[in-house]
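To start, the structure itself, in structure tokens.
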């Protein structure tokens with residue numbers, strides 16, 4: 251895949267928007283990622299710091315240049331400075347591209363994750379031309395499974411080890427949800 255750039259103008263459905271990550275987002279992202287629920291279900295380290303954010307920003311920009319990842323923030327469609335969460339497209343160098351997301355505690359329960367996932371899904375299949383996109387969810391994370399379903403993904407019945415677990419814990423088996431765009 252060629253180098254990727256955050257979409258300009260940002261992707262939006264009129265309620266949320268997906269835009270690139272900026273250095274100025276550090277305080278909001280660090281505050282959100284100190285939430286134990288996000289740490290539990292993602293690979294975000296406990297005690298997330300500004301140094302972690304700086305390392306993430308550097309790594310995500312390198313991955314976008316390599317064409318392997320597209321990392322975007324979910325923001326309010328009317329206030330692009332208000333961070334609601336994150337939505338990324340990962341593993342683009344494989345045949346199993348997947349979407350991952352998190353939502354800040356104060357923005358949960360308002361449909362932010364399904365909206366963001368739908369925007370990323372349509373960008374992946376429409377603009378980037380991917381024939382299939384997945385969402386991988388821990389089997390105990392029922393709210394995230396509902397997000398995948400609301401965004402039009404269907405449970406495949408497969409389980410797959412997490413592709414991005416980099417600590418010393420065993421890699422969990424994740425539930426696979428897939429989306430195939432309609433034939434044109």
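In the working numbering, the protein residues as written are 251 to 434.
For glycine and all other residues, C-beta sits at the position ideal for the given N, C-alpha and C.
As the structure is a prediction and not an experimental result, all values here were calculated from the model.
Need the endpoints of the beta strand (DSSP E) that residue i sits in, please.
| i | result |
| --- | --- |
| residue 383 | 383-387 |
| residue 307 | Premise fails: residue 307 lies in the alpha helix (DSSP H), 300-316, not in any beta strand (DSSP E). |
| residue 321 | 320-326 |
| residue 445 | The requested residue 445 does not occur in the structure, where the chain is confined to residues 251 to 434. |
| residue 428 | 423-429 |
How would you label residue i, buried or exposed, when you count the other beta carbons within 10 angstroms and need 16 or more for buried?
| i | result |
| --- | --- |
| residue 383 | buried |
| residue 321 | buried |
| residue 338 | buried |
| residue 275 | buried |
| residue 350 | buried |
| residue 409 | exposed |
Give me the residue from the options with the minimum Cα distance to residue i.
| i | options | result |
| --- | --- | --- |
| residue 257 | 428, 385, 377 | 377 |
| residue 265 | 388, 372, 330, 321 | 330 |
| residue 279 | 373, 407, 298, 425 | 298 |
| residue 433 | 381, 407, 411, 310 | 381 |
| residue 357 | 326, 346, 339 | 326 |
| residue 359 | 338, 397, 369 | 397 |
| residue 411 | 389, 370, 273 | 389 |
| residue 263 | 430, 354, 369 | 369 |
| residue 341 | 319, 332, 362 | 319 |
| residue 233 | 328, 343, 309, 401 | In the structure displayed, the chain extends from 251 to 434; residue 233 sits before or after that span and is not available. |
| residue 374 | 429, 394, 324 | 429 |
| residue 304 | 277, 399, 365 | 277 |
| residue 284 | 271, 269, 272, 300 | 300 |
| residue 287 | 426, 269, 394, 361 | 394 |
| residue 323 | 255, 270, 292, 407 | 270 |
Do residue j and residue i have their beta-carbon atoms positioned less than 8 Å apart in this structure?
| i | j | result |
| --- | --- | --- |
| residue 296 | residue 289 | yes |
| residue 392 | residue 367 | no |
| residue 261 | residue 267 | yes |
| residue 354 | residue 333 | yes |
| residue 343 | residue 251 | yes |
| residue 307 | residue 255 | no |
Residue range of the alpha helix (DSSP H) that residue i falls in?
| i | result |
| --- | --- |
| residue 396 | 392-400 |
Q: Kindly provide the ranges of any alpha helix (DSSP H) runs that are 4 or more residues long and lie completely inside the segment 255-285, ordered along the chain.
A: Counting only runs of 4 or more, we get 276-282.
Q) Hey, which unbroken runs of the alpha helix (DSSP H) at 4 residues or more fall wholly within the segment 339-379? A) The segment 339-379 contains these whole alpha helix (DSSP H) runs: 362-372.
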